[in-house]
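Remarks on the structure that follows.
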Amino acid sequence: SSLVSTAQAQKAMHSIRIEDAEESHASAGTTLDEAISAGVLVISGPACTIGYCLNNMTSVCGRSRTFDESASGFGRGEGICALLLKLVDHADAALESGRLRAVLCGTCMNQDGRSASITAPNGPSQQECVRAALQESEISCNDLQIAEM
Numbered sequence: 001s002s003l004v005s006t007a008q009a010q011k012a013m014h015s016i017r018i019e020d021a022e023e024s025h026a027s028a029g030t031t032l033d034e035a036i037s038a039g040v041l042v043i044s045g046p047a048c049t050i051g052y053c054l055n056n057m058t059s060v061c062g063r064s065r066t067f068d069e070s071a072s073g074f075g076r077g078e079g080i081c082a083l084l085l086k087l088v089d090h091a092d093a094a095l096e097s098g099r100l101r102a103v104l105c106g107t108c109m110n111q112d113g114r115s116a117s118i119t120a121p122n123g124p125s126q127q128e129c130v131r132a133a134l135q136e137s138e139i140s141c142n143d144l145q146i147a148e149m
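When we follow the UniProt record's numbering, the leftmost residue of the sequence shown carries the number 1, and every step to the right adds one.
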């Protein structure tokens with residue numbers, strides 16, 4: 001998925017920067033200042049959709065309602081996402097100059113393996129994931145402007 005691709009690219013850029021800072025004799029070519037992250041979902045046949053419907057995983061109204069009490073499943077659709085990620089030291093200045101559209105401050109993915117079923121999300125595990133992303137970002141939830149779930 002594009003979320004996994006973006007999280008892995010962000011982690012790779014960050015970890016290489018830390019390794020370079022820790023090694024005074026960092027070898028040439030170890031920096032990763034830019035990365036392209038992409039993901040695609042193509043519905044190429046009816047099998048998956050039929051399976052999702054038979055297991056009551058898709059929304060009756062065809063819409064996902066994340067964090068809403070009336071959520072009844074997810075709305076399935078095709079999509080593509082591609083991002084150019086750049087590692088910057090002064091994000092505020094880059095945003096003000098118009099060179100950046102957004103700042104990716106933190107990412108987190110988890111899977112607890114303990115959910116009652118594939119269709120029953122684990123609330124505490126989801127809360128832990130959001131907290132971990134906020135902690136990595138080093139920003140307060142009051143400063144958060146967008147979240148991709």
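Glycine is no exception: its CB is placed at the ideal position from the N, C-alpha and C atoms. Note that the structure is a prediction, hence the values are computed from the model and not measured.
Could you spell out where the beta strand (DSSP E) holding residue i opens and where it closes?
i	result
E34	34 to 41
G79	79 to 86
Per DSSP, which one or two residues make a beta bridge with residue i?
i	result
T58	F74
Residue j and residue i - do their beta-carbons sit closer together than 9 angstroms?
i	j	result
I80	L104	no
A12	A35	yes
L85	A9	yes
S5	S37	yes
E138	C108	no
A91	L83	no
L32	I16	yes
G39	S72	no
So residue i is in the alpha helix (DSSP H); what residue range does that whole segment cover?
i	result
Q145	Looking at the DSSP string, Q145 is not in any alpha helix (DSSP H), and its letter there is neither H nor E.
V130	123 to 137
L104	L104 -> no alpha helix (DSSP H), and no H or E assigned at all.
E96	91 to 96
How long is the line joining the alpha carbons of residue i and residue j, rounded to whole angstroms?
i	j	result
T58	D89	42 angstroms
L3	E148	8 angstroms
G98	C141	24 angstroms
S24	Q145	Confidence is the limiting factor: at S24 the pLDDT is only 48, short of 50, which leaves the residue's position unreliable, though a coordinate-based value still follows. Computed Cα separation, rounded: 37 angstroms.
A102	A93	12 angstroms
A133	G62	29 angstroms
N56	C129	25 angstroms
P124	F74	20 angstroms
R114	Q127	15 angstroms
A47	S70	27 angstroms
Q65	R76	As written in the sequence, residue 65 is Arg, which differs from the Gln given in the question. If I take the Cα positions, the gap works out to 12 angstroms.
E78	H14	31 angstroms
F67	L54	23 angstroms
D143	Q111	26 angstroms
L87	G106	13 angstroms
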